[in-house]
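Q:
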Amino acid sequence: MKLIPSPALVKQSLASHSWLGLLAGALMYLVCLSGTLAVFYLEFERWEQPQAEEYLDYNPAALDAAYTEVLERDPGATEHVYIGLPRADMPRATIATDNMGWFVNRDGSLGDPEAHDWTHILLHLHLYLHLPESFGMIVVSLLGVLLCGLIVSGFVAHPRLFKDAFSLRFRGSKRMEQVDIHNRLSVWGTPFHLMIGVTGAYFGLAALITLVIAKSYYGGDTDKVVGEIFGAEPRLEQQLDQPAAVGSAIEQVRQMAPDTTPFYVTLEDVETPQQFMLVGVEYPRRLIYAEQYRFDSAGNYLDRVGFSDGEAGKQAIFSVYRLHFGHFGGLLVKVAYVVLGLALTVVSVSGINIWFARRKTRDSLNSLWTGFVWGAPVALAASALAQVVLGIPGTAVFWVGMLIACAWSRMLDDDRRARRHLLWAGALTMLALAAGHMLRFGADSLTGAAVWVNLCVVITALVFALAALRWKGPSATATSALPDPA
Amino acid sequence: MYSLLGVALGASGVAGLYSCWRKMPLSGPLVVALSWLLVAASLWAWSQASGVEFGVSYALMGFSLVAWLVLLFNYEVRESKQARSAPSASVTVDSRSWGRHALLFVMTLPLAGAASIFSCVWLCSFLPGHTTDKMVLAVFLVPVVWGLAAYWAGADPRPARPALALLLAIAIPALSLYL
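Sequences listed follow chains A and B, in order.
Going by numbering that gives the first Met the number 0, the first sequence opens with residue 0, and the numbers climb by one from there.
Going by numbering that gives the first Met the number 0, the second sequence opens with residue 0, and the numbers climb by one from there.
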């Protein structure tokens, strides 16, 4: 028995695949591009403020002073205090209320305020597409759903997918070139793409699904669902005579789980009789984001939530974050995620390119798409330059940059020229970004993560410049009539 | 040691698949099966080296990257002599097709979404096991089932069929939950 779909099914599946691809379209490209960069968001945070003190060894008792001071400095109401502890990929301590945050120096005193505005812009683009968060999160999660649909329809629509899996042919027709790139990157990247689709969809859809789960299991009580999966809050009634014993809690965790790394403390219901602490601990060789050890305000151990050894579902759901962002296994995994993420970005662009090539007609959409694709890296670099170096709000710069890129490409109406111009613009903006960073931060820009980020920015600029030189191509008039979207 | 074994097994698996699918002397269904077995064995080797969770992740990432590496060193810069054709099904977007696109939009997003959420949560509730596991399984199944439903909605030449099925997939669990 052969499992080959009929030609009619192939045609219908391809129609469905194309339709889902167009629906995801440009938004998928932005989410993939920003997600690829977001793998290194911790390094970007360090690059944005390279002057902050970095250290790995610290005295937990010093954090008690930081906690007291932060509550004095922020008179506004806060339900939480978040303390980030130094660890290998973020060797800095931070402390933040719901309103503001600071670095913590090694002696427990507060350092500069935290300000990773550009990293926040990048993450906001990836998580919400710069839309209002509650709506944007759902839109982005729907892209995860569509990715799952595209994977399935892609397999059914391409019966030769496996037989052609090692066949990559350039200099054929434009469409066949794009088809080969699209199919080869897709088929071999399937495990990663499926994982990204499912975990990406989880972030925004969990709240929706929880409504039905709550109705099914707990008569509509969503708090009970959250408590069942993420641990119900302890019921405490305490008299708060002393500030929370943060240092003591960390010391106890170090003794209880010596092979693990505490990397955050969260204080819940701050300054109320119900106040308690969560110490988040990273387990070696585990994908769970953290195991949480809970303490009352005086530092008495309460319990462990059980993400490390509880029900399989609890462990699985707390593994989503590290798996989605590639934050496990160190630098090599991050680099692999960038390669795999970049491939998914190319897949999303080449899918639309194939649609353009099939149309056999050319209109303003072609040139707008070229501007959108090649304008996005320029706009991201420009937003970083504006925000980090010049202190100008980067979100506006990003979208104005995208508009200019699209408008310029539309005006030229020559995809090759527009692409070349945007590549040059990207190269120059990135070089200006690295130079501006060095001018602003001086020697600090050549230390820690900052030097690596700056080096990568310069290398990317050179790659863009080389690509611009290589793709000089035929004259504008010769190409402008051809459907050559990107 | 196990890491190296994982790399070797994964690379051998990809090499075997390459040999078969490029019609080299060493090919045939047996070689394909053996190649997939080698790839599966690389999951075991990586799990021995780094634990199951990291190991499976490393093996799958390595599989994709090795295959792309093989592609990178084997791309053809000239048009293949054999006739090249790709299945084609262009989606037209014009004023006459807006109605169909609107219908597909409703079917692939709200309808397929509601159907997948209701049916996954409902069906998982009948499974044996701990409540947490059933709830989390539903959460992870929803995007996959939703994607499948969206694909069906777009692929079926008679849209009434998936529409009716999706409505039933909403109605039956909803009646069971809310009545």
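Each residue gets a CB set at the ideal place from its N, CA and C atoms; glycine is no exception.
How is the alpha helix (DSSP H) around residue 410 of chain A delimited, first residue to last?
A: Segment 393-411, the alpha helix (DSSP H) holding residue 410 of chain A.
Q: Between residue 37 of chain B and the ligand NAD, is there a pair consisting of the residue's CB and a ligand heavy atom that are separated by less than 7 Å?
A: What this structure holds is no ligand at all, so the ligand NAD is not there to describe.
Q: Sorted by chain position, which residues of the same chain lie with C-beta nearer than 7 Å to residue 448 of chain A's C-beta, five sequence neighbours on each side aside?
A: Once the five neighbours on either side are set aside, the close Cβ partners of residue 448 of chain A are 42, 45 and 46.
Q: Here's the rule I'm using: 16 or more other beta-carbon atoms within 10 Å means buried, otherwise exposed. How should residue 165 of chain B be labelled?
A: Residue 165 of chain B should be labelled buried.
Q: Quick one: what's got a C-beta closer than 8 Å to residue 192 of chain A's C-beta in the same chain, skipping five residues either side?
A: Around residue 192 of chain A: 146, 150, 185, 343 and 346.
Q: Can you name the residues that DSSP bridges to residue 92 of chain A?
A: According to DSSP, residue 92 of chain A bridges with A:103.
Q: Is residue 81 of chain B helix, strand or coil by DSSP?
A: A caution first: residue 81 of chain B carries a pLDDT of 49, below 50, which makes its placement in the model too unreliable to give a value.
Q: Between the region 380-394 of chain A and the region 50-65 of chain A, do three or more beta carbon pairs fall short of 8 Å?
A: As far as the Cβ criterion goes, the region 380-394 of chain A does not touch the region 50-65 of chain A, which means the pair count is below three.
Q: State the start and end residues of the unbroken beta strand (DSSP E) segment that holds residue 276 of chain A.
A: 275-281 is the span of the beta strand (DSSP E), which, as asked, contains residue 276 of chain A.
Q: Does the Cβ of residue 79 of chain A have 16 or more other Cβ atoms within 10 Å, making it buried, or fewer, making it exposed?
A: By the 10 Å Cβ count, residue 79 of chain A comes out exposed.
Q: Got a sec, what are the start and stop residues for the alpha helix (DSSP H) residue 287 of chain A sits in?
A: Here residue 287 of chain A belongs to no alpha helix (DSSP H), and DSSP marks it neither H nor E.
Q: Starting from residue 156 of chain B, find everything on chain A with Cβ-Cβ shorter than 7 Å and list it in chain order.
A: Per Cβ cutoff of 7 Å: 11.
Q: Could you tell me the alpha carbon to alpha carbon distance between residue 9 of chain A and residue 20 of chain B, rounded to whole angstroms?
A: Each residue's alpha carbon lies about 21 Å from the other.
Q: Step through the CB atoms of chain B and report whether any lies within less than 8 Å of the CB of residue 17 of chain A.
A: Answer yes: the Cβ-Cβ gap between residue 17 of chain A and chain B drops below 8 Å somewhere.
Q: Comparing alpha-carbon positions, which option in A:429, A:107 and A:71 lies nearest residue 464 of chain A?
A: Checked all of A:429, A:107 and A:71; the closest Cα to residue 464 of chain A is A:429.
Q: Should residue 65 of chain B and residue 31 of chain B be called a contact, given that it needs their Cβ atoms to be closer than 8 Å?
A: Against a cut-off of 8 Å, the Cβ pair of residue 31 of chain B and residue 65 of chain B comes out as no contact.
Q: Strictly below 8 Å CB to CB, what residues from chain B border residue 152 of chain A?
A: What residue 152 of chain A touches in chain B: 150, 153 and 154.
Q: For a cutoff of 8 Å on Cβ pairs, would you count residue 474 of chain A as touching chain B?
A: Since pLDDT at residue 474 of chain A reaches only 43, below the 50 mark, its modelled position is unreliable, and the value read off the structure follows with that caveat. For residue 474 of chain A, the answer is no, since every Cβ of chain B falls outside 8 Å of its Cβ.
Q: From residue 311 of chain A to residue 296 of chain A, what distance separates their C-alpha atoms?
A: Between residue 311 of chain A and residue 296 of chain A, the C-alpha separation is close to 30 Å.
Q: Any idea what DSSP makes of residue 71 of chain A, helix, strand or coil?
A: Helix.
Q: Closest by CA to residue 432 of chain A, which one among A:227, A:287 and A:393?
A: Comparing Cα-Cα distances from residue 432 of chain A to each of A:227, A:287 and A:393, the minimum goes to A:393.
Q: For the region 29-51 of chain B, list every residue whose C-beta sits within 7 Å of some C-beta in chain A, in sequence order.
A: Per Cβ criterion, the list reads 49 and 50.
Q: Using a Cβ-Cβ cut-off of less than 9 Å, give me the residues of the region 201-215 of chain A that come near chain D, in sequence order.
A: Included in the structure are the protein chains A and B, with no chain D among them.
Q: State yes or no: is the beta carbon of residue 67 of chain B nearer than 8 Å to at least one beta carbon in chain A?
A: Yes, because at least one Cβ of chain A sits closer than 8 Å to the Cβ of residue 67 of chain B.
Q: Can you give me, in chain order, the residues of the region 120-145 of chain B that have a beta carbon less than 8 Å from any beta carbon in chain A?
A: The residues in question are 120, 121, 124, 129, 130, 131, 132, 133, 134, 135, 136, 137, 138, 139, 141, 142, 143 and 145.
Q: Report all residues from its chain with a CB closer than 8 Å to the CB of residue 252 of chain A; omit the five preceding and five following residues, and keep chain order.
A: Excluding residues within five positions, the ones whose Cβ falls inside 8 Å are 259, 261, 278, 280 and 292.
Q: Per DSSP, residue 263 of chain A forms a beta bridge with which residues?
A: Paired residue(s): A:83 and A:279.
Q: What span of residues does the beta strand (DSSP E) with residue 300 of chain A cover, start to end?
A: Element bounds for residue 300 of chain A: 300-303.
Q: According to DSSP, residue 294 of chain A sits in a beta bridge with which residue or residues?
A: A:276 and A:300, per the DSSP bridge assignment.
Q: Do the region 119-133 of chain B and the region 211-229 of chain A meet, that is, are 3 or more Cβ pairs less than 8 Å apart?
A: With the cut-off at 8 Å, the region 119-133 of chain B and the region 211-229 of chain A touch.
Q: Can you find a C-beta in chain A that's less than 8 Å from the C-beta of residue 97 of chain B?
A: No - not a single Cβ of chain A is within 8 Å of the one on residue 97 of chain B.
Q: So, is residue 254 of chain A buried or exposed, given that buried needs 16 or more other C-beta atoms within 10 angstroms?
A: Burial call: exposed.
Q: Would you please state the rounded distance, in angstroms, between the beta carbons of residue 288 of chain A and residue 320 of chain A? I believe it to be under 8 Å.
A: Correct: roughly 5 Å between the Cβ atoms.
Q: Using a Cβ-Cβ distance cut-off of 8 Å, determine whether residue 197 of chain A contacts chain B.
A: Taking Cβ atoms only, chain B reaches closer than 8 Å to residue 197 of chain A, which makes this a yes.
Q: Between which two residues does the beta strand (DSSP E) holding residue 112 of chain A run?
A: Per DSSP, residue 112 of chain A belongs to the beta strand (DSSP E) from 109-112.
Q: Could you check how far apart the C-beta atoms of residue 90 of chain A and residue 55 of chain A are, in whole angstroms? I think they sit under 8 Å.
A: Their Cβ separation, rounded to whole angstroms, is 5 Å, which keeps residue 90 of chain A and residue 55 of chain A in contact under 8 Å.
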